[in-house]
Amino acid sequence: MDVHRFDKDPACRNQREKFCGNNPTQFMCYGDSGSPLGVQLLDNKCIPPKYAPRIIGGQNAGRAPWMAYLMRNRAFVGGGSLIAYRFVLTAAHCSKLNETLFVRLGEYDLSTTRDGKTQDYRAVDIYRHPYYNAVTQVNDIALLKLDRPVIYTATIRPICILLSPGVRFVINKIKLFTVTGWGQASRYPRMPTKLQQMTVRRYSYSHCYNQPGKLCASNPAQFACKGDAGSPLGAQVRYNGTTIFAQFGVASTFTDNCKAYGIYTDLLYHTHWIAETMQHNWY
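Written out as structure tokens, the structure is:
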């Protein structure tokens, strides 16, 4: 939320070492105390990570209750992240307009039978970014609206999304990110059955395609590859005195050998579109 500063407003009582601001069309209230000015969470029920991220190249991921497993005709098409109780975030190229996609939440091990911890949903609406370009993969981001509200549990919770443009200062300092998904864990075509996790290092635009709105990241010793598209790229950050795991990117494209740089859609370019799309299509 943007606020206007009123240094001489009598309502502020002219207290020293403080400044006063408001926005007559929006509100900051109980629960905003202690937060960085202007920084808000898309869903304040997102949880602090209670796992220690483990590097993969075939090793299993820790707990990531926001992960979404996307299916078309019950076949896996990509990953996504639960960001609110009616919406999942993914890559635009993982979906087609007016198609039927199913979303499984709470999944971890595909080789086990359903144990009651997973829940299946149908995407009743698909909102791809209006300026998505299927050739260049610019604005490769989409929202899936679920057929019913998600009931949060220990294994199904949203990932944190930071809404303030000022978060750019934070993300520019982050060098290592975590990407999670069911994608190919090596150069061999076999897909893993368990959710995988990998640490990647951020590189400058010059290493990739020098396109705005994208993040470039890689780990030459490991793989983010086919099947990881749509999955979240995130990192641990401090918010209001608590460590949270926040999403900063959406896995978009990878090279054929899966060992060069991966391209991720930069969420900070799209938080306004995400919030506005959700607000206009909530019911």
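The sequence shown begins at 1 in full-length UniProt numbering and counts up one residue at a time.
We put the CB at the ideal spot given by N, CA and C, even for glycine.
Bear in mind the structure is a predicted one, so any value in this text is a computation, not a measurement.
- According to the DSSP assignment, THR265 belongs to the beta strand (DSSP E) that extends over 262 to 266.
- In the three-state DSSP reduction, ILE244 falls in the strand class (E or B).
- In the DSSP annotation of this structure, the continuous segment of the beta strand (DSSP E) that includes ILE126 starts and ends at 119 to 128.
- Taking C-alpha positions only, THR100 is separated from TYR203 by approximately 36 angstroms.
- When secondary structure is reduced to three states using DSSP, ARG201 falls in the strand class.
- In the DSSP assignment, VAL77 falls within the beta strand (DSSP E) that extends over 75 to 84.
- Shown here, GLN279 sits in a helix according to DSSP, grouped into three states.
- No Cβ-Cβ contact shorter than 7 angstroms links ARG148 with LEU176.
- With distances taken between CA atoms, THR155 lies nearest to ALA68 out of ALA68, GLY181, ASN172.
- Per DSSP, the unbroken alpha helix (DSSP H) holding VAL170 starts and ends at 168 to 171.
- In terms of Cα proximity to ILE174, the closest of CYS160, ARG238, PRO212 is ARG238.
- Comparing alpha-carbon positions, the option among LEU97, ARG74, ASP266 lying closest to SER231 turns out to be ASP266.
- Within a 10 Å sphere around the beta-carbon of GLY241 sit fewer than 16 other beta-carbons, which makes this residue exposed.
- Taking each of CYS216, ALA123, GLY166 in turn and checking the Cα distance to ASN73, the smallest one comes out for ALA123.
- Measuring C-alpha to C-alpha distances from PRO130 to each of ILE141, TYR121, ASP120, LEU233 identifies ILE141 as the nearest.
- If the five residues before and after ILE83 are omitted, its C-beta is found closer than 7 angstroms to the C-beta atoms of LEU42, ASP43, LEU89, PRO158, ILE159, ILE161, all from its own chain and listed in chain order.
- Look at ALA91 here: in three-state DSSP terms it is coil, with no helix or strand label.
- For PHE248, the closest of TYR152, GLU276, LEU215 by C-alpha to C-alpha distance is LEU215.
- In this structure, SER252 lies near GLN137, with their beta-carbon atoms less than 7 angstroms apart.
- Collapsing the DSSP output to three states places THR180 in a strand.
- GLY166 is classed as exposed because its beta carbon has fewer than 16 other beta carbons within 10 Å across all chains shown.
- Distance from the Cα of TYR121 is smallest, within the candidate group TYR269, CYS208, ILE263, VAL103, for VAL103.
- Taking 7 angstroms as the cut-off, the Cβ atoms of GLY181 and ASP228 count as close.
- In the three-state reduction of the DSSP assignment, TYR152 falls in the coil class.
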